[in-house]
Amino acid sequence: MRSLIYKELGVVEEGQSPDPTMPIWVRVEATGICGTDLKAVFKGHKYFVPPTVLGHEFYGQIAKAPAGFKYPVGTWVVVAPYYDCGECSWCKAGKGDLCTTKKYVEAGSFAEYEGVPEGYEDGIFVLPEEKDPANYDVYALTEPLACILNGTRRLETIKGYSKVLVVGGGPMGALFALYYSQIGIDVSIVEPSDERAAKLRSFGINTVKFEDVKKGEYDNVVLAVNIGSLVKQYLPLVRNGGTILVFAGLPKGEVLEVDAGAVHYNEVSVKGCSGFALDDFRKAFDIIKADPKRYRQLITHKFGFKDGQKAFELLRQGKAFKVLLGSEY
Ligand SMILES: [Zn+2]
Ligand SMILES: [Zn+2]
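Each residue of the sequence shown is one higher than the last, beginning at 0 in numbering that gives the first Met the number 0.
Written out as structure tokens, the structure is:
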């Protein structure tokens, strides 16, 4: 089948990859490019070694399924790229994102088809009826929003009291802010690029400059940029009793500088999160379904596999928010 192959460090190219071997096939309409994909291509990633096919933020249509499968061929769906087993000690404690026996789809979804194993029905969500299938593109944001909901579970936000500061106005930072403002939490983004800040404001998101962040103004600070030194920089600014969330991925072994006084006397917590639990995915799906317009504005570009390299470059240069890739575009 046609795919976008991650060929070597820095290079993606349209090519062929093996058809799925799993019993259920989803024809992938589009896949969002994730920060992890970007990092894998330009910096390398120990789990994604080229040549390989990346991509996990996808939606499409059931294309092939065994007789008696819950959803008929042609059904539009968004599929969780993985989900928690529901039975291990983490899952039973409501910490499904930490499950070590997750179920997975077959491979990367920058391809015509994605394979789904039998017994995966809980990870498949049927999209609401739409006259124009292009309107389904917003569901590529289900997985990133699920990761954000996982992050929000680490933060205590109190209406009328809490102020959230998101550091970094990339696609994830913007998604954080869109969600918090939707539920009535005061949220702002620190974004150094004037061009990006202007775009964020066009989405209805409040932006601030670092110089204008006052000590104690924000009780929750979300680091949506993968720079470890931001912990040291922002910790003294967090309101007493607040939390700083290390949301963007940082490498194993990197040591963060944390002032003990801030943690002890000021009761500021440093927390992290990674991925999502199936519950987050389900909630993200419902949130997008209830207000697709709000989230769709984040999708700034769509490209076919032939323009895959261009799509990755655009993101690397910070010139796009969410970029979708599809074999039919
Ligand atoms: Zn993702
Ligand atoms: Zn589990």
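Positions of the beta carbon are idealized from the N, C-alpha and C atoms, including for glycine.
Burial state of T141, where buried means 16 or more other Cβ atoms lie within 10 Å: The sequence position of residue 141 within the sequence shown is 142, counting from 1. Buried, since its Cβ has 16 or more Cβ neighbours within 10 Å.
Alpha-carbon spacing of T206 relative to E190, whole angstroms: Walking along the sequence shown from the start, residue 206 turns up at place 207. Walking along the sequence shown from the start, residue 190 turns up at place 191. Cα-Cα distance, rounded: 7 Å.
Excluding five sequence neighbours on each side, which residues of the same chain lie with their C-beta closer than 7 Å to the C-beta of M21? In the sequence shown, counting from the first residue as 1, residue 21 sits at position 22. Cβ within range, chain order: E105, G114, V115, P116.
With a CB to CB cut of under 6 Å and the five nearest residues on each side skipped, what residues in its chain are close to V245? The residue you call residue 245 lines up with position 246 of the sequence shown. For V245, where only same-chain residues beyond five positions count, the Cβ hits under 6 Å are L222, G271.
For E13, report the span of its alpha helix (DSSP H) as first-last. Start at 1 with the first residue of the sequence shown, and residue 13 comes out as number 14. No alpha helix (DSSP H) contains E13, which is instead part of the beta strand (DSSP E) from 10–15.
Pick helix, strand or coil for G307, following the three-state DSSP scheme. Numbered from 1 along the sequence shown, position 308 holds the residue referred to as residue 307. Looking at G307 - three-state DSSP - the assignment turns out to be helix.
Using the Cα positions of G203 and N134, report the straight-line distance between them to the nearest angstrom. To locate residue 203, count along the sequence shown from 1; it is residue 204. To locate residue 134, count along the sequence shown from 1; it is residue 135. Going by the C-alpha atoms only, they are around 21 Å apart.
Are there 16 or more other CB atoms within 10 angstroms of the CB of H55, so buried, or fewer, so exposed? As a working note, residue 55 is residue 56 in the sequence shown. So H55 ends up on the buried side.
In this structure, what does DSSP give as the bridge partners for Y58? Locating residue 58 in the sequence shown gives position 59, where the first residue counts as 1. A29, V77, per the DSSP bridge assignment.
How far does the beta strand (DSSP E) with K42 in it reach, from first residue to last? For this step, residue 42 is matched to residue 43 along the sequence shown. Not the beta strand (DSSP E): K42 falls in the alpha helix (DSSP H), residues 34–42.
Tell whether a beta-carbon distance below 8 Å holds between P127 and K288. Sequence index remark: in the sequence shown, residue 127 carries index 128 (1-based). Sequence index remark: in the sequence shown, residue 288 carries index 289 (1-based). Yes, the pair counts as a contact, with Cβ atoms nearer than the cut-off.
Mind checking who K102 pairs with in its DSSP beta bridge? Taking the sequence shown and counting its residues from 1, one reaches residue 102 at position 103. In DSSP, K102 forms a bridge with Y82.
Tell me whether D136 is buried or exposed, calling it buried when 16 or more other Cβ atoms sit within 10 Å of its Cβ. Position 137 of the sequence shown, counting from 1, holds the residue named residue 136. With 16 or more other Cβ atoms within 10 Å, it is buried.
Within its chain, find whatever has a CB closer than 7 Å to the CB of P50; leave out the 5 residues flanking it on each side and keep chain order. Translated into the one-based positions of the sequence shown, residue 50 becomes position 51. Within the same chain, P50 has close Cβ partners I4, Y5, K6.
For ligand 2, is there a heavy atom less than 7 Å away from the beta-carbon of D96? Indexing the sequence shown from 1 puts residue 96 at position 97. Outside the cutoff, so no.
Ligand 1 heavy atom lying under 7 Å from the CB of H55: In the sequence shown, the residue the question calls residue 55 occupies position 56. Yes, ligand 1 has a heavy atom inside 7 Å of this Cβ.
How is V342 classed by DSSP in three states: helix, strand or coil? Lying before the first or after the last residue shown, residue 342 is absent from the chain, which here runs from 0 to 328.
Going by DSSP in three states, E312 sits in which element: helix, strand or coil? To locate residue 312, count along the sequence shown from 1; it is residue 313. Correct three-state label for E312: helix.
In or out: P71 buried (at least 16 other Cβ within 10 Å) or exposed? Position 72 of the sequence shown, counted from the start, is the residue given in the question as residue 71. By the neighbour-count rule (16 or more Cβ atoms within 10 Å), P71 is not buried but exposed.
Pull the bridge partners of K301 from the DSSP assignment, please. Locating residue 301 in the sequence shown gives position 302, where the first residue counts as 1. In the DSSP output, where bridge partners are listed per residue, K301 has L323.
With a 10 Å radius around its C-beta and 16 neighbouring C-beta atoms as the bar for buried, classify A239 as buried or exposed. Counting from one through the sequence shown, the residue named residue 239 turns up at place 240. Looking at the sequence provided, one finds Asn at residue 239 rather than Ala. Around the beta carbon of N239, fewer than 16 other beta carbons sit within 10 angstroms, so the residue counts as exposed.
Taking C-beta to C-beta, are P80 and K321 nearer than 8 Å? Taking the sequence shown and counting its residues from 1, one reaches residue 80 at position 81. Taking the sequence shown and counting its residues from 1, one reaches residue 321 at position 322. Contact flag unset, no.
Whole-angstrom Cβ separation of Y294 and L177, contact assumed at under 8 Å? The residue labelled residue 294 in the question sits at position 295 within the sequence shown. The residue labelled residue 177 in the question sits at position 178 within the sequence shown. So it is a contact: roughly 6 Å between Cβ atoms.
Check: G67 C-beta below 7 Å from any heavy atom of ligand 2: Counted from its first residue, the sequence shown places residue 67 at position 68. No, since every heavy atom of ligand 2 falls outside the 7 Å radius drawn around the Cβ of G67.
Could you check where the alpha helix (DSSP H) with D218 kicks off and where it finishes? For the purposes of this step, residue 218 is taken as residue 219 along the sequence shown, with counting starting at 1. Where D218 is concerned, there is no enclosing alpha helix (DSSP H), although the beta strand (DSSP E) it sits in stretches over 217–222.
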